[in-house]
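Everything below concerns the one structure shown next.
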Amino acid sequence: MPADYSKVHRLLLEIMLMQQGNAGNADDLAQRCDVEVRTIYRDLKVISDLSIPYFFDEEARTYRIRKDFFLPPVHMTAPESLALVALAGQIAGQDQIAMTSPAASAIEKLRSQLPESVLGEVEGLEPHIEIRLPATGPDEGAVKDVFTVMQGAIRRSVEVVCTYESATTDSDNGGEAFRLRPYALSFDQRAWYVVGHHSGRDAVRRLKLNRFTEARPTETAFTRPENFSLTSFRGNAWRMIRGETTYAVEILFDATVADAVSETTWHRTQEIEEHEDGSLTFRCTVDGLDEIVWWVLGYGPHAKVKQPDDLVERLRDLAERTAEQYRS
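To convert, note that position 282 of the sequence shown is 282 in the UniProt record's numbering; the numbers rise steadily by one, no gaps.
Listed below in C-alpha coordinates is the structure:
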(Lines of atoms letter the chains of each structure in order from A and count residues from 1; the text may use other names and numbers.)
(Lines give C-alpha, C1' and ligand atoms only; values in the text may rest on other atoms or scores of the structure.)
Protein backbone atom coordinates (compact mmCIF):
# COMPACT_ATOMS: atom_id res chain seq x y z
CA MET A 1 0.00 0.00 0.00
CA PRO A 2 1.51 3.36 -1.01
CA ALA A 3 2.73 5.66 1.75
CA ASP A 4 0.46 8.63 2.52
CA TYR A 5 2.86 11.56 2.72
CA SER A 6 1.64 15.03 3.50
CA LYS A 7 3.45 17.79 1.63
CA VAL A 8 5.51 18.77 4.68
CA HIS A 9 6.48 15.18 5.41
CA ARG A 10 7.35 14.66 1.76
CA LEU A 11 9.54 17.75 1.67
CA LEU A 12 11.33 16.66 4.83
CA LEU A 13 11.94 13.22 3.35
CA GLU A 14 13.30 14.72 0.14
CA ILE A 15 15.62 17.03 2.07
CA MET A 16 16.81 14.15 4.26
CA LEU A 17 17.51 11.95 1.22
CA MET A 18 19.42 14.78 -0.48
CA GLN A 19 21.46 15.36 2.64
CA GLN A 20 22.31 11.65 2.82
CA GLY A 21 23.23 11.62 -0.87
CA ASN A 22 20.82 8.86 -1.92
CA ALA A 23 17.87 10.86 -3.25
CA GLY A 24 18.47 9.81 -6.83
CA ASN A 25 16.96 11.81 -9.68
CA ALA A 26 13.44 13.23 -10.00
CA ASP A 27 12.03 9.87 -11.17
CA ASP A 28 13.60 8.11 -8.18
CA LEU A 29 12.18 10.68 -5.76
CA ALA A 30 8.74 10.41 -7.36
CA GLN A 31 8.81 6.64 -6.87
CA ARG A 32 10.00 6.93 -3.26
CA CYS A 33 7.28 9.45 -2.40
CA ASP A 34 4.58 7.86 -4.60
CA VAL A 35 3.83 11.07 -6.49
CA GLU A 36 4.08 12.31 -10.06
CA VAL A 37 7.43 13.60 -11.32
CA ARG A 38 5.92 17.06 -11.85
CA THR A 39 5.13 17.13 -8.10
CA ILE A 40 8.80 16.53 -7.37
CA TYR A 41 9.77 19.46 -9.57
CA ARG A 42 7.29 21.65 -7.68
CA ASP A 43 8.85 20.44 -4.43
CA LEU A 44 12.32 21.30 -5.73
CA LYS A 45 11.16 24.84 -6.39
CA VAL A 46 9.84 25.09 -2.83
CA ILE A 47 13.18 23.84 -1.51
CA SER A 48 14.97 26.43 -3.63
CA ASP A 49 12.64 29.18 -2.38
CA LEU A 50 13.62 28.18 1.16
CA SER A 51 17.25 29.01 0.21
CA ILE A 52 18.33 25.40 0.72
CA PRO A 53 21.27 24.97 -1.71
CA TYR A 54 20.59 21.71 -3.51
CA PHE A 55 22.21 20.61 -6.77
CA PHE A 56 22.22 17.60 -9.08
CA ASP A 57 25.41 15.56 -8.88
CA GLU A 58 25.90 14.43 -12.49
CA GLU A 59 28.53 11.85 -11.61
CA ALA A 60 26.50 10.15 -8.87
CA ARG A 61 23.17 10.86 -10.64
CA THR A 62 21.53 12.15 -7.47
CA TYR A 63 20.29 15.37 -5.93
CA ARG A 64 22.41 16.61 -3.04
CA ILE A 65 22.44 19.47 -0.56
CA ARG A 66 25.67 21.41 -0.19
CA LYS A 67 27.56 19.84 2.71
CA ASP A 68 28.25 23.08 4.56
CA PHE A 69 24.57 24.07 4.75
CA PHE A 70 23.53 21.89 7.69
CA LEU A 71 25.74 22.08 10.74
CA PRO A 72 26.61 18.83 12.51
CA PRO A 73 25.14 18.45 15.99
CA VAL A 74 27.00 20.46 18.60
CA HIS A 75 27.04 19.95 22.34
CA MET A 76 27.00 23.27 24.15
CA THR A 77 26.65 24.22 27.77
CA ALA A 78 24.02 26.69 28.96
CA PRO A 79 26.59 29.51 29.45
CA GLU A 80 27.99 28.96 25.94
CA SER A 81 24.51 28.93 24.43
CA LEU A 82 23.40 31.99 26.38
CA ALA A 83 26.45 33.96 25.27
CA LEU A 84 25.78 33.19 21.60
CA VAL A 85 22.05 33.88 21.87
CA ALA A 86 22.71 37.19 23.61
CA LEU A 87 25.33 38.31 21.10
CA ALA A 88 23.47 37.23 17.98
CA GLY A 89 19.98 38.03 19.18
CA GLN A 90 20.63 41.45 20.65
CA ILE A 91 23.36 42.73 18.36
CA ALA A 92 22.38 41.15 15.04
CA GLY A 93 18.70 40.59 15.76
CA GLN A 94 18.19 44.20 16.81
CA ASP A 95 20.27 45.59 13.93
CA GLN A 96 22.80 47.21 16.26
CA ILE A 97 25.55 46.44 13.73
CA ALA A 98 24.64 46.48 10.06
CA MET A 99 25.34 43.35 7.99
CA THR A 100 25.20 40.98 10.96
CA SER A 101 21.57 39.92 10.48
CA PRO A 102 22.59 36.46 9.12
CA ALA A 103 23.89 35.73 12.62
CA ALA A 104 20.36 36.09 13.97
CA SER A 105 19.02 33.43 11.60
CA ALA A 106 22.02 31.21 12.36
CA ILE A 107 21.35 31.38 16.08
CA GLU A 108 17.76 30.28 15.53
CA LYS A 109 19.08 27.16 13.80
CA LEU A 110 21.37 26.55 16.75
CA ARG A 111 18.57 27.17 19.24
CA SER A 112 16.46 24.49 17.58
CA GLN A 113 19.23 21.95 18.20
CA LEU A 114 19.72 22.66 21.91
CA PRO A 115 18.62 20.04 24.45
CA GLU A 116 15.46 21.02 26.31
CA SER A 117 17.32 21.40 29.61
CA VAL A 118 19.84 23.84 28.10
CA LEU A 119 17.18 25.67 26.11
CA GLY A 120 15.13 26.11 29.27
CA GLU A 121 18.05 27.76 31.07
CA VAL A 122 18.74 30.03 28.10
CA GLU A 123 15.12 31.12 27.72
CA GLY A 124 14.87 31.74 31.46
CA LEU A 125 17.87 34.09 31.53
CA GLU A 126 17.68 35.68 28.08
CA PRO A 127 15.03 38.33 28.98
CA HIS A 128 17.23 39.52 31.85
CA ILE A 129 20.37 40.23 29.82
CA GLU A 130 20.82 43.29 27.64
CA ILE A 131 23.63 44.37 25.33
CA ARG A 132 23.53 47.98 24.14
CA LEU A 133 26.20 49.32 21.83
CA PRO A 134 26.72 53.00 20.96
CA ALA A 135 24.39 54.13 18.20
CA THR A 136 25.86 53.23 14.82
CA GLY A 137 25.74 54.84 11.41
CA PRO A 138 23.36 54.10 8.51
CA ASP A 139 21.24 50.97 8.66
CA GLU A 140 21.93 47.80 6.70
CA GLY A 141 20.03 48.95 3.63
CA ALA A 142 22.36 51.91 3.17
CA VAL A 143 25.53 49.81 2.94
CA LYS A 144 24.35 46.34 1.88
CA ASP A 145 25.07 46.69 -1.86
CA VAL A 146 28.55 48.14 -1.32
CA PHE A 147 29.31 45.61 1.42
CA THR A 148 28.35 42.74 -0.90
CA VAL A 149 30.48 44.12 -3.74
CA MET A 150 33.52 44.61 -1.51
CA GLN A 151 33.09 41.22 0.13
CA GLY A 152 33.02 39.53 -3.27
CA ALA A 153 35.97 41.55 -4.55
CA ILE A 154 38.04 40.64 -1.48
CA ARG A 155 37.22 36.97 -1.97
CA ARG A 156 38.12 37.08 -5.69
CA SER A 157 40.99 39.61 -5.35
CA VAL A 158 39.65 41.88 -8.10
CA GLU A 159 39.65 45.67 -8.38
CA VAL A 160 36.53 47.78 -7.87
CA VAL A 161 35.65 50.92 -9.82
CA CYS A 162 34.48 53.46 -7.25
CA THR A 163 33.01 56.89 -6.81
CA TYR A 164 33.30 58.25 -3.29
CA GLU A 165 32.09 61.34 -1.48
CA SER A 166 34.39 62.13 1.43
CA ALA A 167 33.38 64.40 4.29
CA THR A 168 35.09 67.29 2.45
CA THR A 169 33.84 66.45 -1.06
CA ASP A 170 31.53 68.85 -2.85
CA SER A 171 28.51 66.60 -3.52
CA ASP A 172 27.63 68.60 -6.65
CA ASN A 173 30.67 67.25 -8.51
CA GLY A 174 29.62 63.62 -8.05
CA GLY A 175 32.50 62.61 -5.82
CA GLU A 176 35.97 61.23 -6.42
CA ALA A 177 36.43 58.43 -8.99
CA PHE A 178 39.19 55.85 -8.60
CA ARG A 179 39.98 52.14 -8.55
CA LEU A 180 40.22 50.28 -5.27
CA ARG A 181 42.01 47.05 -4.45
CA PRO A 182 40.03 45.99 -1.36
CA TYR A 183 42.02 44.11 1.28
CA ALA A 184 39.65 43.89 4.24
CA LEU A 185 36.32 44.99 5.73
CA SER A 186 36.31 46.49 9.20
CA PHE A 187 33.56 47.56 11.58
CA ASP A 188 35.15 50.29 13.66
CA GLN A 189 33.82 53.20 15.69
CA ARG A 190 30.14 52.72 14.77
CA ALA A 191 30.44 52.15 11.00
CA TRP A 192 31.67 49.73 8.31
CA TYR A 193 34.85 50.55 6.39
CA VAL A 194 36.80 48.95 3.58
CA VAL A 195 40.59 49.10 3.66
CA GLY A 196 42.50 48.84 0.41
CA HIS A 197 44.83 50.41 -2.13
CA HIS A 198 43.40 53.66 -3.52
CA SER A 199 44.62 54.24 -7.09
CA GLY A 200 44.14 58.01 -6.90
CA ARG A 201 46.28 58.33 -3.76
CA ASP A 202 48.61 55.42 -4.56
CA ALA A 203 48.31 54.39 -0.93
CA VAL A 204 46.29 52.16 1.37
CA ARG A 205 43.24 54.00 2.69
CA ARG A 206 40.26 53.32 4.96
CA LEU A 207 36.94 54.29 3.33
CA LYS A 208 33.48 54.46 4.88
CA LEU A 209 30.99 52.24 3.05
CA ASN A 210 28.01 54.60 3.17
CA ARG A 211 29.97 57.30 1.32
CA PHE A 212 30.35 55.25 -1.87
CA THR A 213 28.05 56.40 -4.65
CA GLU A 214 29.36 53.70 -7.01
CA ALA A 215 31.13 50.40 -6.42
CA ARG A 216 31.43 48.15 -9.46
CA PRO A 217 33.61 45.02 -9.50
CA THR A 218 35.92 44.43 -12.44
CA GLU A 219 37.74 41.39 -13.75
CA THR A 220 41.14 42.98 -13.09
CA ALA A 221 42.92 40.77 -10.58
CA PHE A 222 45.42 41.96 -8.00
CA THR A 223 47.70 40.35 -5.43
CA ARG A 224 47.16 41.32 -1.83
CA PRO A 225 50.45 42.19 -0.06
CA GLU A 226 51.54 39.23 2.05
CA ASN A 227 52.47 41.45 4.98
CA PHE A 228 49.16 43.34 5.11
CA SER A 229 46.98 43.11 8.20
CA LEU A 230 44.49 45.46 9.79
CA THR A 231 46.66 45.51 12.91
CA SER A 232 49.74 46.69 11.01
CA PHE A 233 47.66 49.19 9.02
CA ARG A 234 46.18 50.67 12.20
CA GLY A 235 49.56 50.77 13.91
CA ASN A 236 49.36 52.68 17.18
CA ALA A 237 46.51 54.96 16.18
CA TRP A 238 44.48 56.02 19.20
CA ARG A 239 41.29 54.87 17.49
CA MET A 240 41.27 54.70 13.70
CA ILE A 241 43.38 57.46 12.15
CA ARG A 242 47.09 56.68 12.14
CA GLY A 243 49.30 59.74 12.06
CA GLU A 244 52.78 59.91 10.59
CA THR A 245 54.54 60.83 13.86
CA THR A 246 54.83 58.56 16.90
CA TYR A 247 54.45 60.19 20.32
CA ALA A 248 55.11 59.04 23.88
CA VAL A 249 52.12 60.38 25.83
CA GLU A 250 51.99 60.95 29.59
CA ILE A 251 48.87 62.27 31.32
CA LEU A 252 48.14 62.87 35.00
CA PHE A 253 44.52 62.17 36.01
CA ASP A 254 43.32 63.36 39.40
CA ALA A 255 41.52 61.16 41.93
CA THR A 256 38.09 62.27 40.69
CA VAL A 257 38.40 60.30 37.44
CA ALA A 258 41.27 57.92 38.19
CA ASP A 259 39.06 54.88 38.80
CA ALA A 260 37.08 55.47 35.59
CA VAL A 261 40.30 55.75 33.59
CA SER A 262 41.94 52.68 35.11
CA GLU A 263 38.89 50.44 34.62
CA THR A 264 39.12 50.55 30.82
CA THR A 265 41.71 49.40 28.31
CA TRP A 266 41.89 52.49 26.13
CA HIS A 267 44.91 51.54 24.06
CA ARG A 268 46.99 48.44 23.51
CA THR A 269 50.19 50.21 24.69
CA GLN A 270 48.78 51.83 27.82
CA GLU A 271 50.52 51.69 31.19
CA ILE A 272 49.01 53.00 34.42
CA GLU A 273 50.88 54.13 37.53
CA GLU A 274 48.70 54.72 40.58
CA HIS A 275 49.66 57.28 43.24
CA GLU A 276 48.99 57.43 46.97
CA ASP A 277 46.73 60.49 46.67
CA GLY A 278 44.35 58.55 44.40
CA SER A 279 45.57 60.11 41.17
CA LEU A 280 47.26 58.14 38.39
CA THR A 281 49.66 58.61 35.52
CA PHE A 282 48.55 57.23 32.17
CA ARG A 283 51.20 56.45 29.57
CA CYS A 284 50.87 55.20 25.99
CA THR A 285 52.54 55.38 22.59
CA VAL A 286 50.37 56.71 19.76
CA ASP A 287 50.77 57.42 16.06
CA GLY A 288 49.30 60.90 15.67
CA LEU A 289 47.47 63.23 18.07
CA ASP A 290 44.29 64.05 16.12
CA GLU A 291 42.16 61.56 18.05
CA ILE A 292 43.65 61.41 21.53
CA VAL A 293 43.39 65.20 21.92
CA TRP A 294 39.58 64.97 22.04
CA TRP A 295 39.69 62.11 24.54
CA VAL A 296 41.85 64.13 26.93
CA LEU A 297 39.75 67.25 26.42
CA GLY A 298 36.69 65.31 27.56
CA TYR A 299 38.16 65.06 31.07
CA GLY A 300 38.42 68.83 31.35
CA PRO A 301 40.30 70.05 34.45
CA HIS A 302 40.74 66.49 35.76
CA ALA A 303 43.50 65.68 33.23
CA LYS A 304 46.88 67.34 32.72
CA VAL A 305 49.17 66.33 29.87
CA LYS A 306 52.82 66.07 30.90
CA GLN A 307 54.12 65.17 27.44
CA PRO A 308 54.46 65.61 24.50
CA ASP A 309 54.60 69.39 24.12
CA ASP A 310 52.64 69.20 20.84
CA LEU A 311 49.66 67.72 22.68
CA VAL A 312 49.95 70.31 25.47
CA GLU A 313 49.84 73.12 22.90
CA ARG A 314 46.83 71.66 21.10
CA LEU A 315 44.88 71.29 24.33
CA ARG A 316 45.81 74.78 25.49
CA ASP A 317 44.57 76.23 22.20
CA LEU A 318 41.31 74.25 22.28
CA ALA A 319 40.67 75.13 25.93
CA GLU A 320 41.20 78.83 25.28
CA ARG A 321 38.93 78.82 22.24
CA THR A 322 36.27 76.89 24.16
CA ALA A 323 36.43 79.30 27.11
CA GLU A 324 36.10 82.22 24.69
CA GLN A 325 32.76 80.81 23.53
CA TYR A 326 31.35 81.33 27.03
CA ARG A 327 32.78 84.74 27.82
CA SER A 328 30.18 87.49 27.72
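By construction, the Cβ of each residue, glycine as well, lies at the ideal position given by its N, Cα and C atoms.
Simplified DSSP assignment, three categories, for Ser-105:
Three-state DSSP puts Ser-105 in a helix.
If I follow the unbroken beta strand (DSSP E) through Val-222, where does it start and stop?
Per the sequence shown, residue 222 should be read as Phe rather than Val. Going by DSSP, Phe-222 is part of no beta strand (DSSP E) at all; its letter is neither H nor E.
List the DSSP bridge partners of Cys-162.
Secondary-structure assignment with DSSP links Cys-162 through a beta bridge to Phe-178 and Ala-215.
Please work out which residues of its chain come closer than 6 Å, Cβ to Cβ, to Lys-208, disregarding the five sequence neighbours upstream and downstream, and give them in chain order.
Ala-191 and Tyr-193
Roughly how many whole angstroms lie between the Cα atoms of Val-284 and Gly-243?
In the sequence as presented, Val is not what sits at residue 284; that position holds Cys. Approximately 15 Å, taken between the alpha carbons.
Could you compute how far the alpha carbon of residue 329 sits from the alpha carbon of Asp-317?
Examination of residue 329 is not possible in this model, given that the chain is present from 1 through 328 alone.
Gln-20 in three-state terms, based on DSSP:
helix
Inter-residue Cα distance where the pair is Ile-15 and Met-99
29 Å
Terminal residues of the alpha helix (DSSP H) in which Phe-233 lies:
Taken as a continuous stretch (DSSP letters only), the alpha helix (DSSP H) holding Phe-233 covers 230–234.
Distance between beta carbons of Ala-26 and Lys-17, contact taken as under 8 Å
At residue 17 the sequence reads Leu, which differs from the Lys that was named. Between Ala-26 and Leu-17 the Cβ distance is about 12 Å, and since that is not below 8 Å, they are no contact.
Using three-state DSSP, classify Tyr-193 as helix, strand or coil.
Tyr-193 carries a strand assignment under DSSP once its states are collapsed to helix, strand and coil.
Taking Cβ positions only, does Glu-165 come closer than 8 Å to chain D?
Chain labels in this structure do not include chain D; a single protein chain is all it has.
Kindly indicate which three-state DSSP category Ile-52 falls into: helix, strand or coil?
coil
Look at the Cβ atom of Leu-280, then the Cβ atom of Ala-258, and state whether they are nearer than 8 Å.
yes
Ile-40 to Gly-21, Cα distance in whole Å?
17 Å
Three-way DSSP call (helix, strand, coil) for Leu-11 in this model
helix
Limits of the unbroken beta strand (DSSP E) element including Gln-31:
Not the beta strand (DSSP E): Gln-31 falls in the alpha helix (DSSP H), residues 26–33.
Taking the alpha carbon of Ala-273 as the reference point, which residue from Thr-220, Ala-255, Pro-53 and Asp-287 has its own alpha carbon closest?
A small correction: the amino acid at residue 273 is Glu; Ala does not occupy that position in the sequence shown. Answer by Cα proximity: Ala-255.
Quick check on DSSP: helix, strand or coil for Leu-311?
It is helical.
Hey, out of Ala-153, Glu-80 and Thr-136, whose CA is closest to residue 329's CA?
Because the chain in this structure spans residues 1 to 328, residue 329 falls outside the shown range and cannot be described.
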